[in-house]
Amino acid sequence: MARSVQKSLFTADLIVPAIGDAFRKLNPGELIRNPVMFTTAVVATLLTMLLVVGQDGLATGFKLQLVIWLWLTVLFGTFAEALAEGRGKAQAASLRATKAELTAKRLKGDDKAFEAVPASALRVGDVVLVETGDLIPSDGEVVAGVASVNEAAITGESAPVIREAGGDRSAVTAGTRVISDEIRVQVTVNPGQGFLDRMIALVEGAERQKTPNEIALTLLLVGLTIIFLIAVGTIPAFASYAGGGIPVAILAALLITLIPTTIAALLSAIGIAGMDRLVRFNVLAKSGRAVEAAGDVDVLLLDKTGTITVGDRQATEFRPVGGQSMPVLSEAALLASLADETPEGRSIVALAREKFARTTAELPAGAEIIPFTAQTRISGVNIAGSVIQKGAVDSVLKANPEAQTTAAATELRRITDEIARAGGTPLAVAKDGQLLGAIFLKDIVKAGIRERFGELRAMGIRTVMITGDNPLTAAAIAAEAGVDDFLAQATPEDKLELIRKEQQGGRLVAMCGDGTNDAPALAQADVGVAMNTGTQAAREAGNMVDLDSDPTKLIEVVGLGKQLLMTRGALTTFSVANDVAKYFAIIPAMFIVLYPGLGVLNIMGLTSPESAILSAIIFNALIIPLLVPLALKGVTYRPMGAGPLLARNLAVYGLGGLVAPFIGIKLIDLAVGGLGLV
Numbered sequence: 015m016a017r018s019v020q021k022s023l024f025t026a027d028l029i030v031p032a033i034g035d036a037f038r039k040l041n042p043g044e045l046i047r048n049p050v051m052f053t054t055a056v057v058a059t060l061l062t063m064l065l066v067v068g069q070d071g072l073a074t075g076f077k078l079q080l081v082i083w084l085w086l087t088v089l090f091g092t093f094a095e096a097l098a099e100g101r102g103k104a105q106a107a108s109l110r111a112t113k114a115e116l117t118a119k120r121l122k123g124d125d126k127a128f129e130a131v132p133a134s135a136l137r138v139g140d141v142v143l144v145e146t147g148d149l150i151p152s153d154g155e156v157v158a159g160v161a162s163v164n165e166a167a168i169t170g171e172s173a174p175v176i177r178e179a180g181g182d183r184s185a186v187t188a189g190t191r192v193i194s195d196e197i198r199v200q201v202t203v204n205p206g207q208g209f210l211d212r213m214i215a216l217v218e219g220a221e222r223q224k225t226p227n228e229i230a231l232t233l234l235l236v237g238l239t240i241i242f243l244i245a246v247g248t249i250p251a252f253a254s255y256a257g258g259g260i261p262v263a264i265l266a267a268l269l270i271t272l273i274p275t276t277i278a279a280l281l282s283a284i285g286i287a288g289m290d291r292l293v294r295f296n297v298l299a300k301s302g303r304a305v306e307a308a309g310d311v312d313v314l315l316l317d318k319t320g321t322i323t324v325g326d327r328q329a330t331e332f333r334p335v336g337g338q339s340m341p342v343l344s345e346a347a348l349l350a351s352l353a354d355e356t357p358e359g360r361s362i363v364a365l366a367r368e369k370f371a372r373t374t375a376e377l378p379a380g381a382e383i384i385p386f387t388a389q390t391r392i393s394g395v396n397i398a399g400s401v402i403q404k405g406a407v408d409s410v411l412k413a414n415p416e417a418q419t420t421a422a423a424t425e426l427r428r429i430t431d432e433i434a435r436a437g438g439t440p441l442a443v444a445k446d447g448q449l450l451g452a453i454f455l456k457d458i459v460k461a462g463i464r465e466r467f468g469e470l471r472a473m474g475i476r477t478v479m480i481t482g483d484n485p486l487t488a489a490a491i492a493a494e495a496g497v498d499d500f501l502a503q504a505t506p507e508d509k510l511e512l513i514r515k516e517q518q519g520g521r522l523v524a525m526c527g528d529g530t531n532d533a534p535a536l537a538q539a540d541v542g543v544a545m546n547t548g549t550q551a552a553r554e555a556g557n558m559v560d561l562d563s564d565p566t567k568l569i570e571v572v573g574l575g576k577q578l579l580m581t582r583g584a585l586t587t588f589s590v591a592n593d594v595a596k597y598f599a600i601i602p603a604m605f606i607v608l609y610p611g612l613g614v615l616n617i618m619g620l621t622s623p624e625s626a627i628l629s630a631i632i633f634n635a636l637i638i639p640l641l642v643p644l645a646l647k648g649v650t651y652r653p654m655g656a657g658p659l660l661a662r663n664l665a666v667y668g669l670g671g672l673v674a675p676f677i678g679i680k681l682i683d684l685a686v687g688g689l690g691l692v
């Protein structure tokens, strides 16, 4: 995956535009979307005005430092968001360049007569001709033809894919290029609503809406800000009671050191970076809600073929029946499969040659091939009047009724049951009406998949394998793969029913799919990952699209979702712990003049009230850019249960958040005193 390699966070082409965007984000209309940072900007404005008035008895140099650091606090917050957005803008620019090149050959009728029009002139229902070398001008469905398409502009992968009319590989995306043959594409979206347009908007962050968790956290931050505002508002009364007073500038600066500016400044950047990590992983999330839901998933539904197994069954064993010898069975299986170009057929040929030294390379002259059909479910060959058949057991027995009552037939059925219980698929082989034996076709479970399911189990996620196999075969593969449960002989209705049942139990469900028949289940699932190779219906139904069409990626999507939630939780814990520590670090030093008894609580030994508040303001500002890399890269996630995970976060980010302000403020206080800044 070309975009999975992440670019360094701090390069000139990212930082320079982000600095400019940080200043543009000071616009009050945009800043007010972040109430805590808006409050900080209001306080900075107030102190700027007090600096000009200068009637509060504070030194001008001290107030100037407060103003500078308060504005830097706001700018560091807007810079974090701008830097997160900037990582997607280069990608969006390249996508826009692709989009700008698009023109279309809109067909006038059923023949090849067409008119060249800009892609922006296309409407739903138009049919366009796309020939070798042409860029596909709009999202649509292939209605005629088959072609090889290079989707590197979207997926980052250079390997071409096949797109054809009918089936589950008919959807095409604007900006991809046909590299062989030609197809006719029916447009399914109007201008500005296509996949490419949506991708541009999402990677830029232009369409990123706040998720429910973000909204809830924002409300919490606003609540804490109001509480600290009330708390600071009561301080003048205590000061007056003690026979003194505290300047407004000091009170305003104190408010900013206590409200949760750290997480407020980073909250938007965390969300943008989370979606950006998915995009770089070649998964397009249609909303931040989908990314969050992935992090909270309880049940993971996975198709067997292509996800748990490699997708193509492989011949692993020949089983003779009726006293037939292994050489006779393997020779017949080889001859019946030489003309079979399916992966199963090629694997039978390979097994016969490698394990049983069958050297036949081609069919004898005059041999007549018996093609496989959906009706007969049998293929084979007729050589000099001798008929060799290979196919489904029931179909071979039906084609040879005289063999159904033989001892070989009974033995074949016993072997068939054994193969099914072992998770395989049996094929029968017959020659001239006589049963020779069975071929064991096995679904090969992907290497390492059992360990990955173990990781999911450690996360508290239950895995369910979905397959059309019979229950015996499904149970064997489920046991080998290490999934927690399976649904055999599954229909689209069965999938939908299973998802609803899990959701009614209060669980969040994720699944992947690529066909039109998967669309209802994808729409119902809390996280529906549609394959980019799939149908338009599937891509519209899912709330994520995997551009690489790799079903196993659903496991990584869950990990990325959990990383997003962990990052937000960890930095929130750190920020709140910071505020608690700053409160106990600063208040004693500020009130020691009015209440000398508080001197015993000034454990940090801060130089003066002015030094205490300035040091806290400086620490409050500097901690934001120091945490930007963590917000953008994300907290490292390791599969573990919720309890150990919470304990680790509290130990690292909770305790770290308590300790850091004491160390940081004391070091800054020493620097401030040593430099004579107060």
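Residues in the sequence shown are numbered consecutively from 15, following the working numbering.
Where is the CB? At the ideal position from N, CA and C, for every residue including glycine.
Asked	Found
Which same chain residues end up closer than 7 Å to residue 8 when comparing Cβ atoms and leaving out the 5 residues on each side of it in sequence?	Residue 8 lies beyond the range of the chain shown here (15 to 692); nothing can be said about it.
Along the chain, where does the alpha helix (DSSP H) that runs through residue 393 open and close?	Taken as a continuous stretch (DSSP letters only), residue 393 belongs to no alpha helix (DSSP H), being part of the beta strand (DSSP E) at 392-397.
Exposed or buried, residue 220, counting other C-beta atoms within 10 Å across all chains shown (16 or more means buried)?	Model confidence at residue 220 stands at a pLDDT of 45, short of 50, so the residue's coordinates are unreliable; what they give is reported in the following sentence. Residue 220 should be labelled exposed.
If residue 178 sits next to residue 160, beta carbons under 8 Å apart, how far is it from one beta carbon to the other, in whole angstroms?	4 Å
Taking 8 Å as the threshold, find out whether the stretch 312-319 comes into contact with the stretch 78-85 through three or more Cβ pairs.	no
Quick check: the stretch 664-678 against the stretch 582-598, are there 3 or more CB pairs under 8 Å?	yes
Could you pull out every unbroken alpha helix (DSSP H) segment of at least 4 residues lying fully inside the stretch 349-375, listed in chain order?	357-370
Based on Cα-Cα distance, which residue from 678, 365 and 387 lies nearest to residue 346?	365
Near residue 202, what residues of its chain come up, given a Cβ to Cβ distance below 7 Å and the 5 sequence neighbours on each side ignored?	138, 153, 154, 155 and 550
Is the stretch 264-283 in contact with the stretch 586-600, if contact means three or more CB pairs nearer than 8 Å?	yes
Under 8 Å: do the stretch 64-76 and the stretch 245-258 share three or more Cβ pairs, one atom per stretch?	no
Cβ atoms of residue 230 and residue 95: under 8 Å apart, would you say?	no
Is it true that the CB of residue 502 sits closer than 8 Å to the CB of residue 488?	yes
Going by C-alpha distance, which of 682, 328 and 569 is nearest residue 618?	682
Scan the stretch 252-323 and note each continuous beta strand (DSSP E) run of 3 residues or more that stays entirely inside, going in chain order.	297-299 and 313-317
Can you find the residues in the same chain that come closer than 8 Å, C-beta to C-beta, to residue 158, ignoring five residues on each side of it along the sequence?	179, 197 and 198
Per the contact definition of three or more C-beta pairs closer than 8 Å, is the stretch 437-453 in contact with the stretch 299-309?	no
Excluding the five sequence neighbours on either side, which residues of its own chain have a C-beta within less than 6 Å of the C-beta of residue 164, listed in chain order?	174, 191 and 193
Does the count of Cβ pairs from the stretch 623-636 and the stretch 551-558 closer than 8 Å reach three?	no
Among residues of its own chain, excluding the 5 on either side of residue 638, which ones have a beta-carbon nearer than 8 Å to its beta-carbon?	87, 90, 91, 94, 275, 276, 279 and 280
Below 7 Å CB to CB, which residues in the same chain sit around residue 6 once its five sequence neighbours on both sides are set aside?	For the chain, the structure presents residues 15 to 692; residue 6 sits outside this window and is missing.
How many angstroms separate the CA atom of residue 244 from the CA atom of residue 238?	10 Å
For residue 593, name the three-state secondary structure that DSSP assigns.	helix
Touch check for the stretch 455-474 and the stretch 328-344: three-plus C-beta pairs under 8 Å?	yes
Can you tell me which of 599, 600, 580 and 675 puts its alpha carbon nearest to the alpha carbon of residue 651?	580
Just how far apart, CA to CA, sit residue 322 and residue 495?	7 Å
Measuring straight from C-alpha to C-alpha, what distance separates residue 558 and residue 544?	6 Å
Rounded C-beta distance between residue 525 and residue 653? I'm assuming under 8 Å.	In fact, because the Cβ distance is near 20 Å, the residues do not count as touching under 8 Å.
Quick one: what's got a C-beta closer than 7 Å to residue 208's C-beta in the same chain, skipping five residues either side?	152, 153 and 188
Touching or not, the stretch 425-433 and the stretch 332-344, by the rule of three or more beta carbon pairs under 8 Å?	yes
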